[in-house]
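Engineer: Letter by letter, the sequence shown follows residues 223 to 992 in my numbering. Just so it is clear, CB atoms sit at the ideal spot from N, CA and C, and this is done for glycine as well. If you're wondering where the values come from, they're calculated on a predicted model, not measured in any experiment. Got a structure for you, written out below as structure tokens; questions coming shortly.
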Amino acid sequence: MNRIRFKTAATRWQEALPFGNGVVGGLFFGNRAQETVILNHMALRVPAVPRDRELMPLAHLLPQVRALMAAGKPDEAEKLWHRAAQEAGYHYVYSDPCHPAARIDFVPTAGGVFARYERYVDCATGRVGNYWKEAAALFERQAFAPRGTNLVVLQLRGNINGRISLSPVDTAQATVWRGTTYPTIDAAGWAGTVTPVEELVAFEMGQRDDVLTVCGRYKYGGGFAVAARVIVKGEGAKFDSATMQVHHANEVDIVCAVGAEPDTELLMAATRAADLERLLAAHTKAHQELFDRATFSLEAKDERSAEELLLACDQDAVPAALVEQMWAYGRYLFISATAEEGALPPHLQGLWAGDWRPPWFGNYTLDENMQMIHWQAEPTGLGELTGPLRRFVAASLPGWKKNARDLFGCEGAVAPLMQGDTRGHADCAEWHFWLSGAGWLAQHVFDHYLFTRDRAFLQREVLPLLREIAAFYESYGVADEGGVLHFVPSISVENKPLGWDSRWAVDATMDVAVAREVLGNLLWALREVGGSAEEIARVKALREKMPAYRVNADGALAEWLDVRMRDHYQHRHLSHLYPLFPGFEISVKMEVLYAAAKRAIELRQTAGLQSQTGWSWAHLSHIHARLEEGDAAARCLERILRSCTQNNLLTTHNDWRASGLTMGQRGVSGAFQIDANMGFTSAVVEMLVRSTPEEIVVLGALPKAWPCGRIGPIWTRLGPSVTVAWENGRGTCVVRGRGCAAALVRFGPRVIAERKVRGAEVVFELVINT
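Rendered as structure tokens:
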């Protein structure tokens, strides 16, 4: 089911079909009477303030803040900090928003009655398109972005008559919003500051022969450009370059070059040098090689369109074909939004933006979303596509070190909750005291070592990063009389304790869990590379000073370790479950904490059903997979489909259908963001083949609704890959590669396995309790 079919075209950009190569891409509408492709570049962000502005340090306030926290006055502590931050020029919330580069439009001069319309995404080859019939004639359109280039190609086929245009995207009424007012201290609340885009960007449009251009120069430096060349073919075809009007062509290729500098000359040259036949063949080969590294099937034989499959979710069980398509789509989107040598990883909307006010600025959100986007990569053989994430971390590290010094007077590095680029500055005051961002991203860097066992990478990149983050936790922690370190203030995003006057709290479980993980991974790395006994002893002692996890009066893992803080279950974030997932600290071997984590999840979903979001249901699916509850994991995926999946299968933050299964509707679009698409794919992996640094678990959370299927190869943290297939209570699991004979393989509660060794493979014959 790698080719996803749609019966309808887009009426707005959120319904368009995304395509790309990790650097540039587009949004394909597929309308027969006016074809539109919005062009994107990963690096485009419009600054509403100078990027090099200096903000005053706030570290001198930390003792006063801690004194107020100790006195039980967190609201006063928060207001003290926020007044000073506002005076020093910090936004409450803001990052330079991503934005579209331009739009290509083709408007036919006429058209007849048509039939058999279909729009599609070919996940395996990285192309989107549509086709239909008028009388006996077939009309086709196709778009792709060749990997390794800055080009976007739109191809039109059929009897083509019409006008082509290139223009900026809806700038006349567009604005950029900044959170300059502070809801904690200002009567204006979230009013903020709104600036028209046309005050921030100077646009120039031009034409030279068969090439159209758009150039945008930012008020505060930098900009972007697009060049679009029109190639017309066919006997008797005519092209009036003065009006960009096409007559009687049977082939039209529009080759667009998109750049992150306001210079059109090089882009125009790139469009003229493009060999489209060669580019399409090379792109198809490169994209498909990545896509085919792992496969998943539930053996569905269902030819319904995506819209029909979505509608079926509200009438009956989720169609197996739709699960297959969502797996493939999440994989397609990740590949399309990520370039092997790219400088930037996917953001909240991947690399796509259809207007100038994307939800949450289209930023890099480090408290969940950026991580979820990457969870599928290493297990499904796309480890090199985590390179942009690792480069993002490395480029941000100097800014993170500055945050530690300027905000807290500490050593080491601490990341902000959101970034719009790789400067890494914590210039938004809302989440200054969330301490887990750098550590959580470091898990992905360390994971790359676990999957590759590259000791040079461990020494060169992992160890220095972990040392910096560990140094911050050591410097920031406040020791009590017993020598236990406490984090004050500490935030469990984006929640606050019941009856507590602020989100600022003490010892948020997530902050402690991430600190423990960073220190544990640092110990591993030091032992692996032969670190000094003195440093190993110091890191070990520091980890032992971390406060213990707490089980609350409801029997649940507490979200804050301080006993004054009561849990608030009606919330979308699942931060305090970090030691269970995505961490590995809590496992079935830890009976008390494992049961407490399970209880916490039960309460989150009963007391907080309508506080969930698309991405939180994806996260919950992973947690149920760790708890080996396959039916519950599948039910979470069902709720994504029934509430937060649009007709083009792109996911939203909120319940755009108002079905009552997540947070309520936000406007018409439900706030498009791509994390739940990626999370759906990785949840399937976690359910069927997951690994820790200690074991491989196969079919650990196999739902009863999936009686037959196959997945693999799935790579593991222990070295070997796993391929598993099952049907009607029987199955086979094949473990291959480095360390396969020695790897500890465990099966889910419904599975009985018999191990056999066949040369370089270990094969398990399976019996599955249905």
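For Leu783 and Glu690, I'd like the C-alpha separation in whole angstroms.
Structural biologist: Here the question's residue 783 lines up with position 561 in the sequence shown. Here the question's residue 690 lines up with position 468 in the sequence shown. Rounded to the nearest angstrom, the two C-alpha atoms are 25 Å apart.
Engineer: Whose CA, out of Asp274, Arg968 and Leu863, lies closest to the CA of Pro541?
Structural biologist: Numbered from its first residue, the sequence shown carries residue 541 at position 319. Among Asp274, Arg968 and Leu863, the Cα nearest to that of Pro541 belongs to Leu863.
Engineer: Quick one: what's Pro418 bridged to in DSSP?
Structural biologist: As a working mapping, residue 418 is identified with position 196 in the sequence shown. Its beta-bridge partners are Thr397.
Engineer: List the whole-angstrom C-beta distance separating Gly953 from Ala847, where the pair is believed to meet the contact cut-off of C-beta under 8 Å.
Structural biologist: Residue numbering aside, residue 953 sits at position 731 when the sequence shown is read from its first letter. Residue numbering aside, residue 847 sits at position 625 when the sequence shown is read from its first letter. The Cβ separation is near 18 Å, so there is no contact.
Engineer: Rounded to whole angstroms, what is the Cα-Cα separation between Thr835 and Arg794?
Structural biologist: For the purposes of this step, residue 835 is taken as the residue at position 613 of the sequence shown. For the purposes of this step, residue 794 is taken as the residue at position 572 of the sequence shown. The straight-line gap from Cα to Cα measures roughly 6 Å.
Engineer: Below 9 Å between beta carbons: does that hold for Leu707 and Leu629?
Structural biologist: Taking the first residue of the sequence shown as 1, we reach residue 707 at position 485. Taking the first residue of the sequence shown as 1, we reach residue 629 at position 407. The answer is no: Cβ separation not under 9 Å.
Engineer: Given that a residue counts as buried once 16 or more other Cβ atoms are within 10 Å of its Cβ, and exposed if not, what is Ser754?
Structural biologist: Looking up residue 754 in the sequence shown gives position 532. Exposed, since its Cβ has fewer than 16 Cβ neighbours within 10 Å.
Engineer: Could you pull out every unbroken alpha helix (DSSP H) segment of at least 4 residues lying fully inside the stretch 647 to 695, listed in chain order?
Structural biologist: The stretch 647 to 695 contains these whole alpha helix (DSSP H) runs: 659 to 674.
Engineer: Quick check on Gln236: buried or exposed, where buried means 16 or more other Cβ atoms within 10 Å of its Cβ?
Structural biologist: What you label residue 236 is simply residue 14 of the sequence shown in a count that begins at 1. That one is buried.
Engineer: Compare the Cα-Cα distances from Met1030 to each of Glu916, Gly941 and Trp839 and report the closest residue.
Structural biologist: This structure does not reach residue 1030, given that the chain is present from 223 up to 992, and the question cannot be answered.
Engineer: Give the secondary structure of Asn383 by DSSP, where H, G and I count as helix, E and B as strand, and everything else as coil.
Structural biologist: By 1-based counting over the sequence shown, the position of residue 383 is 161. Looking at Asn383 - three-state DSSP - the assignment turns out to be strand.
Engineer: Is Asn262 a contact residue of the ligand GTP, with contact defined as CB to any heavy atom under 8 Å?
Structural biologist: Ligands are entirely absent from the displayed structure, and the ligand GTP is therefore not among its contents.
Engineer: With a cut-off of 8 Å on the beta carbons, I'd call Thr393 and Val416 a contact; round off their distance for me.
Structural biologist: As a first step, residue 393 is located in the sequence shown; it is residue number 171 there, counting from the start. As a first step, residue 416 is located in the sequence shown; it is residue number 194 there, counting from the start. With 8 Å as the limit, Thr393 and Val416 do not qualify as a contact, their Cβ atoms being about 15 Å apart.
Engineer: Please confirm if the stretch 900 to 910 is in contact with the stretch 847 to 858, defined as three or more CB-CB distances below 8 Å between the two stretches.
Structural biologist: As far as the Cβ criterion goes, the stretch 900 to 910 touches the stretch 847 to 858, which means the pair count is three or higher.
Engineer: Let me confirm a value: Lys523 is counted as buried when at least 16 other C-beta atoms fall within 10 Å, else exposed. Which label applies?
Structural biologist: Mapped onto the sequence shown, residue 523 falls at position 301. Classification for Lys523: exposed.
Engineer: Which residue marks the beginning of the beta strand (DSSP E) containing His470, and which one marks its end?
Structural biologist: Translated into positions along the sequence shown, residue 470 becomes position 248. Run containing His470: Gln467 to Gly481, per the beta strand (DSSP E) assignment.
Engineer: Classify Arg430: buried if its beta carbon has 16 or more other beta carbons within 10 angstroms, exposed otherwise.
Structural biologist: Position 208 of the sequence shown, counted from the start, is the residue given in the question as residue 430. Per the 10 Å Cβ criterion, exposed.
Engineer: What residues are listed by DSSP as bridge partners for Tyr586?
Structural biologist: Position 364 of the sequence shown, counted from the first residue, corresponds to residue 586. In the DSSP output, where bridge partners are listed per residue, Tyr586 has Gln641.
Engineer: Looking at the structure shown, is Pro455 part of a helix, part of a strand, or coil, going by DSSP?
Structural biologist: Here residue 455 is taken as the residue at index 233 of the sequence shown, counted from 1. As written in the sequence, residue 455 is Lys, which differs from the Pro given in the question. In this structure, Lys455 counts as strand in the three-state DSSP scheme.
Engineer: Taking only the alpha-carbon atoms, compute the straight-line gap between Asn591 and Gly584 and give it to the nearest angstrom.
Structural biologist: Numbered from its first residue, the sequence shown carries residue 591 at position 369. Numbered from its first residue, the sequence shown carries residue 584 at position 362. Roughly 11 Å separates the two Cα atoms.
Engineer: Anyone know if the C-beta pair for Phe969 and Lys978 falls short of 9 Å?
Structural biologist: Counting from 1 along the sequence shown, the entry for residue 969 is found at position 747. Counting from 1 along the sequence shown, the entry for residue 978 is found at position 756. Not in contact: Phe969 and Lys978 (Cβ atoms no closer than 9 Å).
Engineer: What residues in its chain sit with their C-beta under 6 Å from that of Ala508, if we drop five residues either side in the sequence?
Structural biologist: In the sequence shown, the residue the question calls residue 508 occupies position 286. For Ala508, where only same-chain residues beyond five positions count, the Cβ hits under 6 Å are Arg369.
Engineer: Just curious, the alpha helix (DSSP H) that Val751 is in, first and last residue?
Structural biologist: Mapped onto the sequence shown, residue 751 falls at position 529. Here the alpha helix (DSSP H) through Val751 covers Thr731 to Val751.
Engineer: Helix, strand or coil: which one does DSSP assign to Cys177?
Structural biologist: In the structure as shown, the chain starts at 223 and stops at 992, and residue 177 therefore has no counterpart that could be examined.
Engineer: Quick check on Ile260: buried or exposed, where buried means 16 or more other Cβ atoms within 10 Å of its Cβ?
Structural biologist: Start at 1 with the first residue of the sequence shown, and residue 260 comes out as number 38. Burial call: buried.
Engineer: Leu239: which of Asp432, Arg645, Tyr551 and Glu750 sits nearest, CA to CA?
Structural biologist: In the sequence shown, counting from the first residue as 1, residue 239 sits at position 17. Per the Cα distances, Tyr551.
Engineer: Going along the chain, which unbroken runs of the alpha helix (DSSP H) with 4 or more residues stay wholly within the stretch 925 to 951?
Structural biologist: You should have found no qualifying run.
Engineer: From the DSSP output, read off the bridge partner residues of Arg225.
Structural biologist: Numbered from 1 along the sequence shown, position 3 holds the residue referred to as residue 225. Arg225 pairs with Asp344.
Engineer: How is Thr992 classed by DSSP in three states: helix, strand or coil?
Structural biologist: Counted from its first residue, the sequence shown places residue 992 at position 770. Thr992: coil per DSSP, three-state reduction.
Engineer: Taking the CB atoms as reference points, tell me whether Ile476 and Leu376 lie closer together than 9 Å.
Structural biologist: Locating residue 476 in the sequence shown gives position 254, where the first residue counts as 1. Locating residue 376 in the sequence shown gives position 154, where the first residue counts as 1. Yes, these two residues count as a Cβ contact at 9 Å.
Engineer: Quick check on the burial criterion: 16 or more other C-beta atoms within 10 angstroms. Buried or exposed for Val890?
Structural biologist: Here residue 890 corresponds to residue number 668 of the sequence shown, with the count starting at 1. Here the model assigns Val890 a pLDDT of 47, short of 50, so the residue's position is not dependable and the matter cannot be decided.
Engineer: Could you please give the first and the last residue of the uninterrupted alpha helix (DSSP H) stretch that includes Pro852?
Structural biologist: Taking the sequence shown and counting its residues from 1, one reaches residue 852 at position 630. According to the sequence displayed, residue 852 carries Gly and not Pro. Taken as a continuous stretch (DSSP letters only), the alpha helix (DSSP H) holding Gly852 covers Gly852 to Ser865.
Engineer: Could you tell me which of Gly248, Asp649 and Asn224 sits nearest to Ala367, measuring between CA atoms?
Structural biologist: Indexing the sequence shown from 1 puts residue 367 at position 145. Taking only the C-alpha atoms, the option nearest Ala367 is Gly248.
Engineer: Counting C-beta neighbours from all protein chains within 10 Å, is the total for Asn224 16 or more, i.e. buried, or is it exposed?
Structural biologist: Counting from one through the sequence shown, the residue named residue 224 turns up at place 2. Result: buried.
Engineer: Taking the alpha helix (DSSP H) that Gly901 belongs to, which residues open and close that run?
Structural biologist: By 1-based counting over the sequence shown, the position of residue 901 is 679. Gly901 -> alpha helix (DSSP H) spans Asp897 to Leu910.
Engineer: Nearest-angstrom Cα distance between Gln768 and Arg738?
Structural biologist: For this step, residue 768 is matched to residue 546 along the sequence shown. For this step, residue 738 is matched to residue 516 along the sequence shown. Sequence inspection shows Met at residue 768; the Gln mentioned does not correspond to that position. Cα-Cα distance, rounded: 7 Å.
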